[in-house]
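Residue numbers (mature numbering (1 follows the signal peptide of the UniProt record, and there is no 0)): -24 to -1, 1 to 250.
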C-alpha cells in the first residue's frame, strides 16, 4: 500500500511552479508545465513506468495504440484520460482495451502531486499518488506515498492544503493489523488474515506524515465480517475484536491509541497457541 506502513513524509525541497498551462487541444484539461511535454499534457500511460526517472515520450508498450482521448467519462475537466487498444487483438474481442488517467492535485515542498488510475483490461483497478519533479525533459518520481489495487491500497481521496498532502487509501484486514502493530503481523496474509483486493475493511488517512486514523467501514456504510460466527481462527478472532468496537454495525474511526489497543488485543487473544 505504501512505502512504509505509517511513514508519509513530505520532505523539504524546491516548490515547483504551479501556474497552469494553456488548455490543450481535444478538450484536455490544462495542466502545469511540469506535467507537459512538447507543450501538451503527458500521456497518462507514461506514469505506469517502473523507473523513478524517465522522459515522457513514446511510453506505450509495443502493440499498443491510443484509441480515444478524453472519453465521455472524463467530462469533469480534471483528468487527462486515454483509452488504449492492443493492436494484436481484434476490436470486437474482449481484453483488447486498457485505460489510464491522471489529475494534478497540487504542489508540496517535495514536488508536484498527481493522482493516477490504470486499468489493464482485467479485474484490477490500480490507483496511486505520485510526487514528481522535472529535470529538463525527464520526470523524476520522488515518492509514491499511496498506491495499489482496490482494497490493497487503492486511493480513496487526495488533496494538497497549504502545501501539505492529505490522502486516504483502502485497506484490508491484514493492512489494518500492520498499521495497528506498526509492524508486519506475525500471521500469514491471505492464509490467516484476509488481504485480497476485494477484502476492504476500511480506509487509512494521513495528513503529511501524521496518521489521522483508520475508519472501519467504506463509503456507503459498514463492511461485513470476513468469518462466520464462532470462527476461532486468527481472522475470526480479529473480526470479534472489531465487533467489540462496534464497527460491523456502523462505521467508526480509530485513532493511534485505539489502533494500538486493537493490535495488542490481537497479539494477546488471536495468535495460535504454541
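No residue lacks a Cβ here, since even glycine has one placed at the ideal position from N, Cα and C.
Requested in this report: Return helix, strand or coil for residue 146, following the three-state DSSP convention.
Outcome: Within the chain shown, the letter at position 170 stands for residue 146. Strand, per DSSP.
Requested in this report: In the DSSP assignment, find the unbroken alpha helix (DSSP H) run with residue 242 in it and report its ends.
Outcome: Along the chain shown, one-based indexing puts residue 242 at 266. 232 to 245 is the extent of the alpha helix (DSSP H) around residue 242.
Query raised in the report: CB residue 192 to CB residue 212, shorter than 7 angstroms?
Result: Against the chain shown, residue 192 aligns to sequence position 216. Against the chain shown, residue 212 aligns to sequence position 236. No, the Cβ-Cβ distance between residue 192 and residue 212 is not below 7 angstroms.
Query raised in the report: Considering only C-alpha positions, which residue in the set 32, 151, 59 and 190 is nearest to residue 45?
Result: Translated into the one-based positions of the chain shown, residue 45 becomes position 69. Nearest of 32, 151, 59 and 190 to residue 45, Cα basis: 59.
Query - Nearest-angstrom beta carbon gap, residue 100 and residue 173 [assumed within contact, 8 angstroms] - result: As a working mapping, residue 173 is identified with position 197 in the chain shown. As a working mapping, residue 100 is identified with position 124 in the chain shown. Right, the Cβ-Cβ distance comes to about 7 angstroms (below 8 angstroms), so this counts as a contact.
Query raised in the report: Opposite residue 60 in the DSSP bridges: which residues?
Result: Translated into positions along the chain shown, residue 60 becomes position 84. 42 and 74, per the DSSP bridge assignment.
Report task. In the DSSP assignment, find the unbroken alpha helix (DSSP H) run with residue 90 in it and report its ends. Result -> Sequence index remark: in the chain shown, residue 90 carries index 114 (1-based). Run containing residue 90: none in the alpha helix (DSSP H); it sits in the beta strand (DSSP E), 87 to 95.
Report task. Write down the C-beta distance between residue 251 and residue 150 rounded to the nearest angstrom, noting that I regard them as a contact closer than 8 angstroms. Result -> Nothing can be reported for residue 251: it is not among the residues displayed for the chain, which extend from -24 to 250.
**Report entry** Buried or exposed (CB count within 10 angstroms, at least 16 for buried), residue 75
**Finding:** Your numbering for residue 75 matches position 99 in the chain shown. Under this definition residue 75 is a buried residue.
Requested in this report: Could you tell me the distance, in whole angstroms, from the CA atom of residue 4 to the CA atom of residue 53?
Outcome: Within the chain shown, the letter at position 28 stands for residue 4. Within the chain shown, the letter at position 77 stands for residue 53. Cα to Cα, the separation comes out at about 7 angstroms.
Query raised in the report: Do you know offhand how far residue 126's Cα is from residue 197's?
Result: The residue given as residue 126 occupies position 150 in the chain shown. The residue given as residue 197 occupies position 221 in the chain shown. Approximately 17 angstroms, taken between the alpha carbons.
Query raised in the report: Where does residue 211 sit, in a helix, a strand or coil, going by DSSP?
Result: The residue labelled residue 211 in the question sits at position 235 within the chain shown. Helix, per DSSP.
Requested in this report: Would you give the residue range spanned by the beta strand (DSSP E) that residue 126 belongs to?
Outcome: For the purposes of this step, residue 126 is taken as residue 150 along the chain shown, with counting starting at 1. Segment: none, residue 126 is in no beta strand (DSSP E) and carries neither H nor E.
Query raised in the report: So residue 169 packs on residue 210, CB below 8 angstroms; how close in whole Å?
Result: As a first step, residue 169 is located in the chain shown; it is residue number 193 there, counting from the start. As a first step, residue 210 is located in the chain shown; it is residue number 234 there, counting from the start. About 6 angstroms separates the two Cβ atoms, so the contact holds.
Requested in this report: Note down the Cα distance separating residue 31 from residue 66, rounded to an integer number of angstroms.
Outcome: Counting from 1 along the chain shown, the entry for residue 31 is found at position 55. Counting from 1 along the chain shown, the entry for residue 66 is found at position 90. Near 31 angstroms, if we compare the C-alpha coordinates of residue 66 and residue 31.
Query raised in the report: In terms of alpha-carbon separation, which member of 249, 218, 248 and 225 lies closest to residue 237?
Result: Reading the chain shown from its first residue, position 261 is the one you call residue 237. Minimum Cα distance to residue 237 is reached at 218.
Requested in this report: Kindly identify the DSSP beta-bridge partner or partners of residue 116.
Outcome: Within the chain shown, residue 116 is the residue found at index 140, counting from 1. Paired residues: 29 and 109.
Report task. Go ahead and pull the three-state DSSP assignment for residue 216. Result -> Working through the chain shown from its first residue, we reach residue 216 at position 240. Looking at residue 216 - three-state DSSP - the assignment turns out to be helix.
**Report entry** Buried/exposed call for residue 186, threshold 16 Cβ in 10 Å
**Finding:** The count along the chain shown starts at 1 and reaches residue 186 at position 210. Residue 186 comes out exposed.
Report task. For residue 215, count neighbouring C-beta atoms within 10 Å of its own C-beta (all shown protein chains included) and say buried if the count is 16 or more, exposed if not. Result -> For this step, residue 215 is matched to residue 239 along the chain shown. Its Cβ being crowded by 16 or more others within 10 Å, residue 215 is buried.
Query - Best match in 130, 63 and 133 for proximity to residue 43 [C-alpha to C-alpha] - result: Position 67 of the chain shown holds residue 43. Closest option to residue 43, Cα to Cα, is 63.
Query - residue -2 classed as buried or exposed, judged by whether at least 16 other C-beta atoms fall within 10 angstroms - result: One-based indexing of the chain shown puts residue -2 at position 23. Interpretation of residue -2 is limited by its pLDDT of 44, a score under 50 that renders its predicted location unreliable; the figure taken from the coordinates is listed afterwards. Result: exposed.
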